[in-house]
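Below is one structure, written out as structure tokens; comments come after it.
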Amino acid sequence: MASATPRLTPPCGPSSRAWPETVRKGTALSTALEEHPRLFSRLYVSMVRVGEEAGALPRVMTDLADLLEHEDEVRGEVLAAIAYPAFVLGFGVFTVILLLTVVLPRLFDMMREMLPVLPLPTLILLQLSEALGRFWPGLLLALGGLVYGARRALRSPRGAEAWDDLRLRLPLVGPVFRAAALGRFARTLGTLARSGVSLLPALRIVEETLGNRVLARQVARVAEETRGGDSLATPLRKLGLFPKGVIQMIEVGEETGKLDEMLLKIAVLEERHLRARTRTLISLLAPALILVVGALVGFMVIAILLPIFRLSRAVY
Numbered sequence: 329m330a331s332a333t334p335r336l337t338p339p340c341g342p343s344s345r346a347w348p349e350t351v352r353k354g355t356a357l358s359t360a361l362e363e364h365p366r367l368f369s370r371l372y373v374s375m376v377r378v379g380e381e382a383g384a385l386p387r388v389m390t391d392l393a394d395l396l397e398h399e400d401e402v403r404g405e406v407l408a409a410i411a412y413p414a415f416v417l418g419f420g421v422f423t424v425i426l427l428l429t430v431v432l433p434r435l436f437d438m439m440r441e442m443l444p445v446l447p448l449p450t451l452i453l454l455q456l457s458e459a460l461g462r463f464w465p466g467l468l469l470a471l472g473g474l475v476y477g478a479r480r481a482l483r484s485p486r487g488a489e490a491w492d493d494l495r496l497r498l499p500l501v502g503p504v505f506r507a508a509a510l511g512r513f514a515r516t517l518g519t520l521a522r523s524g525v526s527l528l529p530a531l532r533i534v535e536e537t538l539g540n541r542v543l544a545r546q547v548a549r550v551a552e553e554t555r556g557g558d559s560l561a562t563p564l565r566k567l568g569l570f571p572k573g574v575i576q577m578i579e580v581g582e583e584t585g586k587l588d589e590m591l592l593k594i595a596v597l598e599e600r601h602l603r604a605r606t607r608t609l610i611s612l613l614a615p616a617l618i619l620v621v622g623a624l625v626g627f628m629v630i631a632i633l634l635p636i637f638r639l640s641r642a643v644y
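In terms of this note's numbering, the sequence shown opens at residue 329 and continues consecutively.
Spelled out as structure tokens, the structure:
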């Protein structure tokens, strides 16, 4: 990736005007950035501080820019991949709700007048349509309460950790989340090591940037074991965070003094796995969503046509 000078200016606002003024008064750049944790992550601040202390701020900032650019690129690819299934699901749900609340109630009133006994699929659809039409304010309140309760639960430490653990255990989706977290682990740790950050502080920084509390707790255990002088590969092998081939690459990197290069190669491998698993997941998810929406619409069509067939038989 071509070197690029990172844009240090954060989004517009009071904080964006405060930190350059602090630097002009003689405060170190890393100290000024640290005063705005919502704009600059711990990874950002730590790498800037390392660059200042080593007298290599331009090179470190280039590494940081490459890292942030690459993360943004991977994130964009994943979001682009899930856009189509999300559209299919959203459009299907909107169509079904529109039919149940606007179109079908008028049609069912006509059917009730013409047929004394409606078929079972029609009755099921009729009851569902009447429930949505009668109780939609309560359903909206219940849905809002459910969303609010879920957000409150996910913000609590226990709820967030349970959700992170569930994400890793989900079939098909779990390997995608794991590959994304491990790719970030390897790329961030490799970038920090290449910038001159020692292993233990680098692991502490990586722990906060993984985006998964379960894996972060395992990285914290790795950091504790490396504190006693163990190599990085030994605790990683105990915890089973990486495949055996990846552990061997880390061992070779430690033995040859090129750990940063090996970690960045591992990051490339994990990100490649992430893209492949995402494509596989989307290739399975899109047809599955189409089948689900098609089944719902098909059931509604059958429920509407059955009374019409009965009427036509009664006429002839």
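Don't be surprised by glycine CBs; every beta carbon is placed ideally from N, CA and C.
So, under 8 Å CB-CB, residue i and residue j are touching, yes? Tell me the CB distance rounded to an integer number of Å.
{"i": "T516", "j": "V534", "result": "5 Å"}
{"i": "Y412", "j": "A614", "result": "6 Å"}
{"i": "L564", "j": "V550", "result": "6 Å"}
{"i": "A488", "j": "L482", "result": "5 Å"}
{"i": "A514", "j": "E582", "result": "Actually they are not in contact, since the Cβ atoms of A514 and E582 sit about 14 Å apart, beyond 8 Å."}
{"i": "P449", "j": "A616", "result": "No, P449 and A616 are not in contact; Cβ-Cβ is about 23 Å, not under 8 Å."}
{"i": "A409", "j": "I610", "result": "5 Å"}
{"i": "S523", "j": "D391", "result": "5 Å"}
{"i": "V649", "j": "V378", "result": "Any property of residue 649 remains undetermined from this structure, which presents the chain solely from 329 to 644."}
{"i": "V416", "j": "I618", "result": "6 Å"}
{"i": "G461", "j": "P433", "result": "6 Å"}
{"i": "S446", "j": "L454", "result": "Per the sequence shown, residue 446 should be read as Leu rather than Ser. Rounded, the Cβ-Cβ distance is 7 Å, consistent with contact."}
{"i": "L591", "j": "A521", "result": "7 Å"}
Indicate the three-state DSSP secondary structure (helix, strand or coil) for residue i in the structure shown.
{"i": "V525", "result": "coil"}
{"i": "V406", "result": "helix"}
{"i": "R537", "result": "The residue you asked about is not Arg; residue 537 is Thr in the sequence shown. In this structure, T537 counts as helix in the three-state DSSP scheme."}
{"i": "F368", "result": "coil"}
{"i": "L498", "result": "coil"}
{"i": "V445", "result": "coil"}
{"i": "G518", "result": "helix"}
{"i": "G622", "result": "helix"}
{"i": "G487", "result": "helix"}
{"i": "V511", "result": "The sequence shown places Gly at residue 511, not Val. In the structure shown, G511 sits in a helix (DSSP, three-state: H, G or I)."}
{"i": "G354", "result": "coil"}
For residue i, count neighbouring C-beta atoms within 10 Å of its own C-beta (all shown protein chains included) and say buried if the count is 16 or more, exposed if not.
{"i": "Y372", "result": "buried"}
{"i": "L498", "result": "exposed"}
{"i": "M442", "result": "exposed"}
{"i": "S331", "result": "Residue placement at S331 is flagged as unreliable, the pLDDT there being 40, under the threshold of 50; a coordinate-derived value is accordingly withheld."}
{"i": "G477", "result": "exposed"}
{"i": "D588", "result": "buried"}
{"i": "A604", "result": "exposed"}
{"i": "D437", "result": "exposed"}
{"i": "P358", "result": "Note that residue 358 is Ser in the sequence shown, not Pro. Buried: at least 16 other Cβ atoms inside 10 Å."}
{"i": "F637", "result": "exposed"}
{"i": "G518", "result": "buried"}
{"i": "S526", "result": "exposed"}
{"i": "T606", "result": "buried"}
{"i": "V645", "result": "A question about residue 645 goes unanswered here, because the residues of the chain that appear run from 329 up to 644."}
{"i": "A508", "result": "buried"}
With residue i as the anchor, note down where its alpha helix (DSSP H) starts and where it stops.
{"i": "V580", "result": "K572 to T584"}
{"i": "R483", "result": "L448 to R483"}
{"i": "P433", "result": "L432 to M442"}
{"i": "L567", "result": "A561 to L567"}
{"i": "A384", "result": "Neither: A384 is in no alpha helix (DSSP H) and is coded neither H nor E."}
{"i": "L361", "result": "L357 to E362"}
Practice task
Could you tell me which uninterrupted alpha helix (DSSP H) segments, each at least 4 residues in length, are contained entirely in the stretch 590 to 614, listed from first to last along the chain?
Solution key: Complete alpha helix (DSSP H) runs here, min 4: none at all.
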